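A quick write-up on the structure given underneath.
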Amino acid sequence: MRSFALTCEVLSRLDSVEGKVQCAAAYLISRPIDEVCLAARFLSGSPLPHGTPPPKVGVASISAVVGEQCGLSAAVVRRRAVTKGDLGTAVEILLGAIRPPDTGASGNLALNRVAQKISELGIYSPEGRAQRLRQLYASADPLEAKYLTKLLVGSLRTGMQAGRVEEAIALAFNEPLEKVRRAHMLIGDIGEVAERAWHHKLANIRLLPFRPVHCMLAHPVADTAEILEHLALPAIAESKLDGIRAQLHVYRGQCRQYARSLEEVTHLFPELNVAVEILDDDWILDGEIVAWKEGPLAFEKLQQRLGRRQVPLTMLLDIPVIYHAFDVLRASGQDLIDEPLSARKKVLETVPNVGAVCRIEHDAVTTPEAVGTLLETAFKTGLEGVIFKDPNSTYHPGSRGRAWLKLKRPLGTLDVVVTAAQYGRGNRAGWLSDMTFAIGSEDGRLVDIGKAYSGLTHPEIRSLTEHFKATTSKRSGDVHVVQPTVVLEVAFGGIQRSNRYASGFALRFPRIVRQRTDLGLHDIDDVRQLENLYKTQKGRRSI
Numbered sequence: 016m017r018s019f020a021l022t023c024e025v026l027s028r029l030d031s032v033e034g035k036v037q038c039a040a041a042y043l044i045s046r047p048i049d050e051v052c053l054a055a056r057f058l059s060g061s062p063l064p065h066g067t068p069p070p071k072v073g074v075a076s077i078s079a080v081v082g083e084q085c086g087l088s089a090a091v092v093r094r095r096a097v098t099k100g101d102l103g104t105a106v107e108i109l110l111g112a113i114r115p116p117d118t119g120a121s122g123n124l125a126l127n128r129v130a131q132k133i134s135e136l137g138i139y140s141p142e143g144r145a146q147r148l149r150q151l152y153a154s155a156d157p158l159e160a161k162y163l164t165k166l167l168v169g170s171l172r173t174g175m176q177a178g179r180v181e182e183a184i185a186l187a188f189n190e191p192l193e194k195v196r197r198a199h200m201l202i203g204d205i206g207e208v209a210e211r212a213w214h215h216k217l218a219n220i221r222l223l224p225f226r227p228v229h230c231m232l233a234h235p236v237a238d239t240a241e242i243l244e245h246l247a248l249p250a251i252a253e254s255k256l257d258g259i260r261a262q263l264h265v266y267r268g269q270c271r272q273y274a275r276s277l278e279e280v281t282h283l284f285p286e287l288n289v290a291v292e293i294l295d296d297d298w299i300l301d302g303e304i305v306a307w308k309e310g311p312l313a314f315e316k317l318q319q320r321l322g323r324r325q326v327p328l329t330m331l332l333d334i335p336v337i338y339h340a341f342d343v344l345r346a347s348g349q350d351l352i353d354e355p356l357s358a359r360k361k362v363l364e365t366v367p368n369v370g371a372v373c374r375i376e377h378d379a380v381t382t383p384e385a386v387g388t389l390l391e392t393a394f395k396t397g398l399e400g401v402i403f404k405d406p407n408s409t410y411h412p413g414s415r416g417r418a419w420l421k422l423k424r425p426l427g428t429l430d431v432v433v434t435a436a437q438y439g440r441g442n443r444a445g446w447l448s449d450m451t452f453a454i455g456s457e458d459g460r461l462v463d464i465g466k467a468y469s470g471l472t473h474p475e476i477r478s479l480t481e482h483f484k485a486t487t488s489k490r491s492g493d494v495h496v497v498q499p500t501v502v503l504e505v506a507f508g509g510i511q512r513s514n515r516y517a518s519g520f521a522l523r524f525p526r527i528v529r530q531r532t533d534l535g536l537h538d539i540d541d542v543r544q545l546e547n548l549y550k551t552q553k554g555r556r557s558i
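Take the numbering used here: the final residue in the sequence shown is number 558, and no numbers are missing along the way.
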C-alpha cells in the first residue's frame, strides 16, 4: 500500500498524460505477479473485482473511526475535511499529528489485505464494518490512510481514468494498446486484463455468460440537424424507454440480469426468469427493464423495487416489469458484437415476445423528413426520446460514440432560487458550489426540489461564494443556509415523486443553465408549473 500511495502522490502532481501513464506503468512493472491484478484495480480507483457492489462505507463512518484514533469527534474530522476540501488529506494530517512515520504504523499494509478488508465491508453489520475500518486505519501510516480514504469514498483523483490505466498496462507489459482495450471491453475487470497482459494472454478473449460487460452508450444530441450531421441514412430508430439499462444472460437453465453498473439485480426481477423458457442456451441480451402495467409506469415506481434484498409479493403484483430487448451480444454460444447492428437485429427478431420479455420494435428512417416526422410523433405520444443507430455499427462495450445518437424530449427549464450552498470537492474545494434550490408553493413558502453543482464557470462560482457568505442566515457544518436572492435557470433529465423534499418532487440530473440576474424571488416557478411538467412527462407511451 505504501508504494501505491507514493505512486498516487506523484500521479496527482503530474500534469502531462504521458507522464502519468509512464509513472503508472513503472508502478505496475515493480509489482510481483500476485499483486499486478490488485495494483491495476487500485490505480483505476476501484479496488474490488469487476461487478462487485461498492463498499457500504461513507464519510460519516470514516470520520468516526479516524476521530476515535485521534481522540477527536467525527464532527471535527468532517470540519477539517471541509477546510482542506478533501477527506483523505484531512485524515493524513490528523493521523500524521499522532503517528509520525518513525513511530507510527508500519507502513507495510499489503494490497491484498486492504482488498480483503474492503470486500468484507459490504457483508458485515455496521459494527462489523467499523471494526474492519479500525483495523485498516490502525495499520496504515498517514500517507497510506490518505489514499485508503480516497479509495473508500470513490475519489482517488489522480487523473488515471480507465483509458489511461489501459495505456499503462500496454506500456508496462509491451502489449498493443488495442489488444489491451479490447480485452478490457470484453472482460470488464482492469485487474484481470493487467494479469493477462503480464502473461501475454490477451488473444482469443470472448464474452462469457454471467460476466457482464459495460454497455454501449448513445451520444446525446440537441436536435434533428445534429442527427443528420453525424449519422448517414438509412438509420435504425428505436423508442427510448424510461427504465434501467440491463443485460440479460441465459445459460444452463439460469437467467441473470446485470445493471449498467455491472451489479447483479436478478433477485429484484424474478419474473424475468421466463427467459430460460424462450431462449436457447448461452444468450446475452441488452435492453431496458421498465415498470409496465397495461403500459409504462412512472420511473419512480420502478425505483421502489431497487436497492432491496427481496421484493415483496405485493410489490411484484403492483409494479410488474418487462424486459425490452433491443440488442443481442451473444446467441447460442456465438459472440455477435463484431457483427453489424442490422445482422444482430435479425437474430433478435427470432426471440419471441413472451411474458415479461419482449423486443423493442424499430423503424428504418431513410430521409431527413422521416426523421423529423418520427420525432414529432414520438414526442406527441409522450415518449421520453428516440435512439438513432447506424445499421453497420458493431457493439463496443463501454463506448459512447456517434454510431448511436439519442434525442430526448425537452422538458424545458425551471427558474429556481438558491436556499442553501455547500462546499464542493476536488477542484471545487473551498467554494460554495453545491447549491440546493427551491420553487414557490401554493401558500407562498419556498420548497426545495433539488441540488446541482455543474453548469457555472469558476469565476461565477467564486463570485457566488462571496455572495453566499455575505447572505448566510444559518450554518450547519459545511452547509450555508442563505437568503433567497440568487435565481438560477436549471435544466433536468426528468421529474419524480420524492419524500426527500417538502415539494413532494425531485428533479433528476439537474444542471445549472445560467444565473438569472434579471429575475427576482417573485419571478421563480411554482409547484403548479412543476406538476404540469410532471404530468406531461408521465404521459409517456411507446411508439
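Positions of the beta carbon are idealized from the N, C-alpha and C atoms, including for glycine.
Predicted model only: the values in this text are computed from it and were never measured.
Bridge partners of W307 according to DSSP: P311. A distance of 8 Å or more separates the beta carbons of Q511 and F188. Rounded to the nearest angstrom, the gap between the Cα atoms of S513 and E376 is 32 Å. A Cβ-Cβ distance of about 19 Å is found for the pair P69 and V228, leaving them out of contact under the 8 Å criterion. The shortest CA-to-CA distance from F403 to any of G387, T500, T396 and G397 is the one to G387.
In this structure Y139 is exposed. Its beta-carbon is surrounded by fewer than 16 other beta-carbon atoms within 10 angstroms. The C-alpha of S88 is placed about 26 Å away from the C-alpha of K484. Each residue's CA atom was taken as its position, placing H495 and T480 some 10 Å apart. By the neighbour-count criterion, in which 16 or more other beta carbons inside 10 Å mark a residue as buried, I476 falls on the buried side.
Looking from the CA of L248, the closest CA among E279, D405 and R345 belongs to D405. In summary, H199 is buried, with 16 or more beta-carbon neighbours lying within 10 Å of its beta-carbon over all protein chains present. In the structure shown, V280 adopts coil according to DSSP, grouped into three states. When only Cα atoms are considered, A185 and D353 end up about 23 Å apart. Of the candidates K423, R417, V362 and G427, V362 places its Cα closest to the Cα of D342.
For H473, the three-state secondary structure derived from DSSP is helix.
Cβ-Cβ separation between Y468 and G509: approximately 18 Å, too far for a contact (criterion under 8 Å).
Around the beta-carbon of F524, fewer than 16 other beta-carbon atoms lie within 10 Å, marking it exposed. Check the Cα spacing between P335 and each of R324, G370 and S357: the tightest is with G370. Per DSSP, V92 is one residue of the alpha helix (DSSP H) stretching across A89 to K99.
Taking C-beta atoms as the reference points, Y42 and Q84 fail to come closer than 8 Å. At a Cβ-Cβ threshold of 8 Å, F452 and R424 do not count as neighbours. Taking a C-beta distance under 8 Å as the contact criterion, L312 and A306 qualify as a contact pair. The C-beta distance from L294 to Y338 rounds to 11 Å, too long to meet the 8 Å contact threshold. Restricted to the stretch 208 to 245, the alpha helix (DSSP H) segments that are unbroken, complete and at least 4 residues in length are 239 to 245, listed in chain order. L109 and E159 have their C-alpha atoms spaced approximately 13 Å apart. Within the stretch 424 to 483, the complete beta strand (DSSP E) segments at least 3 residues long are 428 to 438, 447 to 455 and 461 to 467, listed from N- to C-terminus. By DSSP's assignment, E504 forms a beta bridge with D430 and R529.
Distance from the Cα of D449 is smallest, within the candidate group V462, L461, T472 and R460, for T472. With a contact defined as Cβ atoms closer than 8 Å, R94 and G441 miss out at about 18 Å. For Q269, the number of other beta carbons within 10 angstroms of its own is below 16, and it is reported as exposed.
The C-alpha of M16 is placed about 5 Å away from the C-alpha of L126.
When DSSP reads this structure, C373 sits in a beta bridge with H339. Annotation: E504 to L534 spans about 10 Å, alpha carbon to alpha carbon. Scanning its chain for C-beta atoms nearer than 6 Å, with the 5 sequence neighbours on each side dropped, one finds around I251 the residues H377, K404 and P406, in chain order. With contacts defined as CB atoms closer than 8 Å, R529 and A521 fail to qualify as a contacting pair.
Between L222 and D350, the CB-CB gap stays under 8 Å.
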